[in-house]
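Undergrad:
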Amino acid sequence: MGKKVYNAKARQQKEIVVDNSALKNVKLDLNELGGSGGYDESNALVLPSQKRATKVKVEHKQNVKILTKKQRKHLQAIVDKKKKKEGRAELLEALAKVQVDEKELKQYTSISQAQTVGVKKLDTLDELMAKKLQRQKIPQVAAGTKISSIKGAAKRKLLIEEEADIEAKKRNPNIVGMEESSSDEDDDEEDEDEEDTDNDIEEQDKEGPKENLEQKEEEKVAVEKTSLSATSTQETKQKSLNEPLKSHTASTSKEAKKSAQALAAVRPTVYVPVLRNPEIQAARLKLPILAEEQQVMEVINENNIIIVAGETGSGKTTQIPQFLYEAGYCENGKLIGITEPRRVAAIAMSKRVATEMNLSDKEVSYLIRFEGNVTPETKIKFMTDGVLLKEIESDFLLKNYSVIILDEAHERSAYTDILVGLLSRIVPLRLKRGGNPLKLIIMSATLRVEDFTGNTKLFKTPPPLLKVEARQFPVTVHFQKHTPDNYVEEAYRKTVIIHSQLPEGGILIFLTGQQEVNQLVRKLRRTFPYKAELIKAKEDAKLEKQEQEETDMKSFHNSDDEFDMKRAIRNVRKSKKKFLNQLALPKINLDDYKLPGDDTEADLLEDQNSDYDSEDETPEGHLDDDEEEREGQSIQMDEDTAAATTRQPLWVLPLYSLLSTEKQNRIFQPPPEGCRLCIVSTNVAETSLTIPNIKYVVDSGKQKTRLYDKITGVSAFVITYTSKASADQRAGRAGRVSAGHCYRLYSSAVYSNEFEDFSMPDIQKKPVDDLMLQMRCMGIDRVVNFPFPSPPDVVQLKAAEQRLVILGALEKVPETQNSKEVPPIVTRLGHVISRFPVAPRFGKMLALSHQQNLLPYTVCLVAALSVQEVLVEVNFDREKDDGSLMLSKWQKKRSSWASSGNYQLLGDPMVLLRAVGSAEYAGSKGELVKFCADNGLRHKAISEVRKLRVQLTNEINLSISSVNLCVDPSMSPPTDAQARFLRQILLSGMGDRVARKVPLEDISDKEEKRRLKYAYNCMDMEEPVFMHSSSVLKQKLPEWVIYQEAYEIQNGDSSKMFIRGITAIEPEWLLTYVPLLCNIKAIKEDPLPRYKEDEGKIYCYVDATFGKAGWDLPLAEIEMPLEEKAFCYFGMFVLDGVVCPKLQPFKSKLKSTPSSLTKSWSNLNDGLVKFKRCFIVKQINTRQKLFEEWERDPNFLLHEYQNLLYDVSLSELMPIWPPNKLD
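Its first residue numbered 1, the sequence shown is counted upward by one per residue in the UniProt record's numbering.
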C-alpha cells in the first residue's frame, strides 16, 4: 500500500447526520407568521439551548466471498431439493382430484396378500383382513394438517401404526408378549405392499388370471383396472393416504416436469385377457417356463435382444409367444413373428398355440414355402426362416413386427445365421429411427452361446442369457470299457440285455441311417417276435381274473361308494383295452412288415453301391458270403440266449425322416398289452420329435454327415462321431418321464477326445451361392464383412462368387481392377434369378425359358430337380433274373420315357419330366398313390414337386403379365426339337458341371480299360468319376455330358466318385452358353468371318479349349470375341457396304480394298489407321453400337471415310450422312 495523505482523516468528506429530535417538542404558531413566505428549518422561532447531536454516516462495504465449486453444488442441491418438494406437493394435489374412492380401493387384492394367505385360502381373504383391521386401528390424518413433503411418509405412518398397536396391546389383557412379532410382521408386509406396488401389479397382470380362471370374475376386472396406468400406481397409493392434500398448492418446477416425462417414457403395462380351457391351463402350469414368466418378461421389456436357452420340453416355443401376446405386443396392428427351421414344426406349433390360447387360425397363423393361412387379423405368425428373409428384402425394418423369435437356433441353418446377422443391425436401427422398437429373441436347446455373447462383431453389447430348466429326471450315463468296431451289433446285444434283465420302460436306439435301422429292426423282431394269439390268450386270462376279483369285491363291498367308483374306473379301462386290441392288433403283421423308401440321400446312395458291379470290391452295407454266414451264426446264438432269458415280446418300430407320416405317428401310440416299446431311429429323434415313455437310450455315438468340397462341390457321406451337445440331447430323451439310463456304445476316452463340443454350423459346410446372391440383391456388397455368428470360410465365399459370375448373375470384374476393392455388380439377370425360390442355376434356366414355348416344361423340370429323391433308383446294369419283377417293370418304363433321339440324350431329366407329368395326370384322376407305387415314385416327393410347381407358376405369372402359365395335368410331352432346346437350357445352368468321357484308346492295359469303361473326367477333379448305374444313358455313354450332382462313396480305405442326373450335350454349345470357361486360342481365317445382316453381328470360327484341363473343342462358329480383330473386321464390312447399304455406291471409289483393313500392313496407311482407330476407341463391333454412336454424333466417321475415297467431296457425302437407314 502507498503512503497515507497528511491529515487524511480531516480531509475526508463525510456525510453528517444532525439529530433534530429536540425540535419535535417545540410547538409553533404558524398563524403569527403573517404573510411570510412560510416556514422552513432556517427560520425557527425557538433556538435550542443545547447543541444538537451529530453523527457521521459511515458506509459499510461488505466484501462478497466467492463460493467454491463444492459449496455451489451443495447450495444448488439444497435449492433443488426445496423446489422438488414444492413440485411434489402440487403433484399430489393434482392427483388427489382424480383419486379413486376408498370403497373401490378396498376391492383390490395385491399379489403379496394373495401369496401370504395362499391360493387355497384366497376365498377367506376378506375375513382375515377384517380380523386384522380389528386388531389394528388405522389413525386418520387431520383435515387441516399441512404436509410439506412426502419424504419419509411411509416411515412416519409405520411409526404411528406401531405406537397405536402397542397401546392397544397394553390395554388388551389377552395378548401375550410373544404375539407382538406376528403383528409387526403384518405391518412390515403392509408397508412392503405400499412401496413395491409396481412389482405387485405386474405379477397380478400375469399370474392373477392364470391361478383363478374359474373363480371370481371381479378379480379379472380389478386386474385390468390396475393395469391401465403403470406410471401412476405408486402415486395412487400415496393419494389414498393423503387425501386432505387437495387444498395444498405449490409452484411447478422444471424438475417436476422432467420427472413426469421420465415416467411417461416407460412402456405402460398392458394385459390382454386370454380365456383358456381349464384342462389346457392345468397342463400349462406344469411347464417349467411358467415359473419363470415374470423374470422372462422383465428381461424382454428391459432389453431389445435376448437369448433364451432351454432344454426340449421346457415349453419355450409355445409359451413365450403367449407371454408376449398377453403383455400387449400384438396391439396397434403389430405382429409376433416366430421362425422355425422346419415346415412341419411351423404348422404344428401354430396349431398348438392357437389351441392353448383358444384362438382361431386367423389370429395364430403360419406361412411356409408352399402354403399358409395368414390373414389381416393375424397376431402371431409362425413361418420358416426363408420366408422371413424374403420379407426383409421388401421391408428391411420389419415395420409390421414388434417381436421376432428365432426358434431352434442351435441347428444353425444357413438362413438362421443370416437372419441373426441382419436382425442384429435392424434392431438398433429401429430404435434409432424412433417409434416402436423391435425385440429379438433367440431361442435354442443346446446353443453355443459363445458365438453370440462373445462375438463383438455381431453384438457390441453381449445380450442377456436366460436359462430355463426342463422337466428332466436324472439320467445315468454308462460308457463302454472299449469302443466296439461294429456298433450295430453292439446295439443289438445291449438291447437284448436291457429287454431281458431290466425293468419295464421304452428303449430308444440311435443309429446313422435307414439301412442300419431296417437291419436292426428285422433282427430284433426275429429275436423277440410278437405273437398276437399268445398275447391275446394271456390278456383274456388276465381279464377273467380281474372280473372274478371285481365280482368278489362287489359282493363284499356292495354298499361302499368308494369301491363303486374304483370298479367303474376298472371297467372303463378294461373295455378300452379290449377295444384297442380288437381294433388294432389283428390288422398288423409286423413279421411281414417291410418299409420301402430311403431315409436320406445318404441311405439311397448306400443302397446303390452296386455301382461296383464290374469290380471285385464289395459295396458298403452289403456282406460277402463269409460275413453273412458269420452273421447268421451270431444271430442264431443271440436269439437262443435271448429266448431262454425272456418270453416278453418286443414292439419294434423304425423311425427316419422319409418314413410316411402315418407310420411315424405309430411311435406315439401305446404298444400292445404285454409288449415293451423299442424305437430304432436316426438322429431325427434327437431334437425334432419327443417320444413318450422312453426310459433306456442306446446311443451309437455316430451320425451320417454330408461333407462338401468347397471348390469342386463334390459331396461325400461319411459316418462320423456326433458332438457332445448331440450326445447329451440323446441321453436326455431317457429322462422325460422318469429316471432313466443312457448306454453309450463308446468309451469315455473317445467321448472326451474324439467328440467335438458342438456340430459345425450349416453355413460352413454347404455352398452359399443362393445366400450370397440374395444378400447381394439386398444391397450387402461385401459379404465377407457381414456379421455372421459363425462366418463361412473366405475360400467358400470366393468359390460361390465365381460360380455366380459363370452363371451371369454377377458381372465379371476386369483384371485391371482389384477385386477386393470393387466387388462384382449384380446383373439384371441376377436380380431376376433371385426372385425364384430355387437355386441360382435353376433360376437361370427359368429366366431363359421364355421362348419356344418351353416355360411349362422348364418349370416342371426345375421343380423335379429341386426336390431330392423323386424316383426309387433302379440299376440298369442288373439282368432281369437278378431282382424282382417290379424293378424290371420300372426299368422298362423309364427306358420308354427316354427312348430315342433328343429324348434319350436329355437323359435322366427327361425321365423326371415324364414321371412328374404322368403323376400329375394320375393325380387329377385320383390315382396318384397307385401310380407312384406302380412306377417307383416317392409319393411324398411328388407332392413336394407339385407344390413347388404351383409356387413357381404363381411367381412367374405375377412377374410377367403377358404370360398365362398354369399347372396343366394333361400337358403333352415336349417335341424332339423342344427336347433339344431343353438340353441347351440345362447346359446354361449347369455350365460348371461338365464332364468328358475318358478316352479309352489311349489306355493299353486291359484291366484299366475295363475299370474306366464308364469313367468321366470333370473340370476341377483329378480322379475320374463314374456314371451312376441308374442313369438311362448308361448304355449309350455319350462323349460330353452335364450332371446334377457328384458324390463320393467310401468303401473301407478306398473311395469312388459317381455322377447322376446326366444329360448329353454337344461340345460346340459350350462356347455359346459357358463362354467364361472357354479359352479361345485363335480366330480361324479359313473360313473367313461373316456378317449376319439380321442380327448386325460378326460370326467366326474359333480354335478353343474348355476348362483348366484344356479339353479341345471342335471347330464352332460363335460371335466374334471383343478384341482388336473384331473391330477391324467390322470396319471392313462397313467399307464393303454390307452394314450400311447407302455406302455401296462408293465402294468402287475406295483407295484401298475393304479387306486391307484386316491386314497387318494396314498400319502403314494413315487413312486406314484413323478409320480403324474410330472403331477401336468407341468399342464398336455391331451395327447397333454404330447406329447408337451416330445418334450421339451424326458426323462420326464422316471425315475418316471421305479420306479413303477418290474424288469424292464432303458435299456429296453430307446428304446421305449418317447412312443409318436400311433399305
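No residue lacks a Cβ here, since even glycine has one placed at the ideal position from N, Cα and C.
Given the structure is predicted, the values throughout are model-derived calculations rather than measurements.
Which residue comes first and which comes last in the alpha helix (DSSP H) that contains Q1184?
TA: Residues 1183–1192.
Undergrad: Have a look at K362 and W1069 and give me their C-alpha separation to the nearest angstrom.
TA: In a straight line, the C-alpha of K362 is about 53 Å away from that of W1069.
Undergrad: Please classify A282 as buried or exposed, where buried requires at least 16 neighbouring CB atoms within 10 angstroms.
TA: Its Cβ having fewer than 16 others within 10 Å, A282 is exposed.
Undergrad: In this structure, what does DSSP give as the bridge partners for C1018?
TA: Paired residue(s): A995.
Undergrad: Tell me where the beta strand (DSSP E) around P654 begins and ends.
TA: Note, P654: beta strand (DSSP E), 650–655.
Undergrad: V1177 to V1169, Cα distance in whole Å?
TA: Between V1177 and V1169, the C-alpha separation is close to 12 Å.
Undergrad: Looking at the structure shown, is M349 part of a helix, part of a strand, or coil, going by DSSP?
TA: Of the three classes helix, strand and coil, the one that applies to M349 here is helix, per DSSP.
Undergrad: Who does I507 pair with in a DSSP beta bridge?
TA: Its beta-bridge partners are C678, Y696.
Undergrad: Which runs of the alpha helix (DSSP H), 4 residues or longer, sit entirely within the segment 77–128?
TA: Complete alpha helix (DSSP H) runs here, min 4: 102–106, 111–117.
Undergrad: Go through the segment 419–455 residue by residue and report every complete run of the beta strand (DSSP E) that reaches 3 residues or more, in order.
TA: Counting whole runs of 3 or more residues, the segment 419–455 contains the beta strand (DSSP E) stretches 439–444.
Undergrad: By Cβ distance below 6 Å, which residues in the same chain neighbour S1156 in space, the five residues on each side in sequence not counted?
TA: These residues qualify, in order along the chain: S1162.
Undergrad: State the Cα-Cα distance for the pair V488 and P529, rounded to the nearest angstrom.
TA: Distance between the alpha carbons of V488 and P529: 19 Å.
Undergrad: If we call anything under 8 Å between Cβ atoms a contact, is R733 one with I691?
TA: The answer is yes: Cβ separation under 8 Å.
Undergrad: Taking the Cβ atom as the reference point for each residue, do V698 and F510 lie within a distance shorter than 8 Å?
TA: Yes. Within cutoff.
Undergrad: In angstroms with no decimal places, state the Cα-to-Cα distance between P837 and L952.
TA: Cα-Cα distance, rounded: 8 Å.
Undergrad: At the level of alpha carbons, what is the spacing between A354 and D728?
TA: Using only the alpha carbons, I get a separation of about 32 Å.
Undergrad: Taking just the CA atoms, how far does Y708 sit from C1078?
TA: Near 26 Å, if we compare the C-alpha coordinates of Y708 and C1078.
Undergrad: With a threshold of 6 Å on Cβ separation, who are the neighbours of D757 within its own chain once the five nearest residues in sequence on each side are excluded?
TA: Closer than 6 Å at the Cβ level, and outside the excluded window around D757, lie K724.
Undergrad: Nearest chain D C-beta to V718 closer than 8 Å, yes or no?
TA: Judged by its chain identifiers, the structure shown contains no chain D, having just a single protein chain.
Undergrad: Looking only at its own chain, which residues have a Cβ that is under 8 Å from the Cβ of R11, when we skip the five neighbours before and after it?
TA: Contacts found: V5.
Undergrad: Report the start-end ranges of each alpha helix (DSSP H) in the segment 912–980 that is 4 residues or longer and not cut off at the edges.
TA: Listed in chain order, the complete alpha helix (DSSP H) runs (minimum 4 residues) inside the segment 912–980 are 928–935, 939–959.
Undergrad: Assuming T11 is part of the alpha helix (DSSP H), what are its boundary residues?
TA: Reading off the sequence, residue 11 comes out as Arg, not Thr. Looking at the DSSP string, the run of the alpha helix (DSSP H) that includes R11 is 8–11.
Undergrad: For Q703, is the classification buried or exposed, using 16 other Cβ atoms within 10 angstroms of its Cβ as the cut-off for buried?
TA: Result: buried.
Undergrad: Tell me the rounded alpha-carbon separation between P649 and I985.
TA: Looking at the two C-alpha atoms, the distance is approximately 57 Å.
Undergrad: Do L658 and I667 have their C-beta atoms closer together than 8 Å?
TA: No; because the gap between Cβ atoms is not below 8 Å, this pair is not in contact.
Undergrad: Which residue's Cα is closest to the Cα of Q50: K70, N20, E59?
TA: Looking at the Cα atoms, N20 is the closest of the given residues.
Undergrad: Any idea which residues DSSP pairs R647 with across the strands?
TA: Per DSSP, none; premise fails for R647.
Undergrad: Could you check if L948 is buried or exposed, using at least 16 other CB atoms within 10 Å of its CB as the buried criterion?
TA: So L948 ends up on the buried side.
Undergrad: Quick one: Cα of Q514 to Cα of E869, how far?
TA: Taking the straight line joining both Cα atoms gives about 14 Å.
Undergrad: Let me check understanding here. Comparing Cα to Cα, which of A53, R52, E59 lies closest to Q13?
TA: Nearest of A53, R52, E59 to Q13, Cα basis: E59.
Undergrad: For C1100, name the three-state secondary structure that DSSP assigns.
TA: In this structure, C1100 counts as strand in the three-state DSSP scheme.
Undergrad: E292 by DSSP, collapsed to three states: which one?
TA: Three-state result, E292: helix.
Undergrad: Going by C-alpha distance, which of P437, S660, R1192, T527 is nearest T646?
TA: Of P437, S660, R1192, T527, the residue nearest in Cα terms is T527.
Undergrad: If we ignore side chains and look at the alpha-carbon of each, how far apart do residue 1232 and R525 end up?
TA: The first residue shown for the chain is 1 and the last is 1223, placing residue 1232 beyond what the model contains.
Undergrad: Please report the residue range of the alpha helix (DSSP H) in which K1034 lies.
TA: Unbroken run through K1034: none, as it is neither H nor E.
Undergrad: Once you ignore the five residues that flank Y415 on each side, which residues in its own chain have a CB closer than 7 Å to its CB?
TA: Hits under 7 Å: D385, G386, L389.
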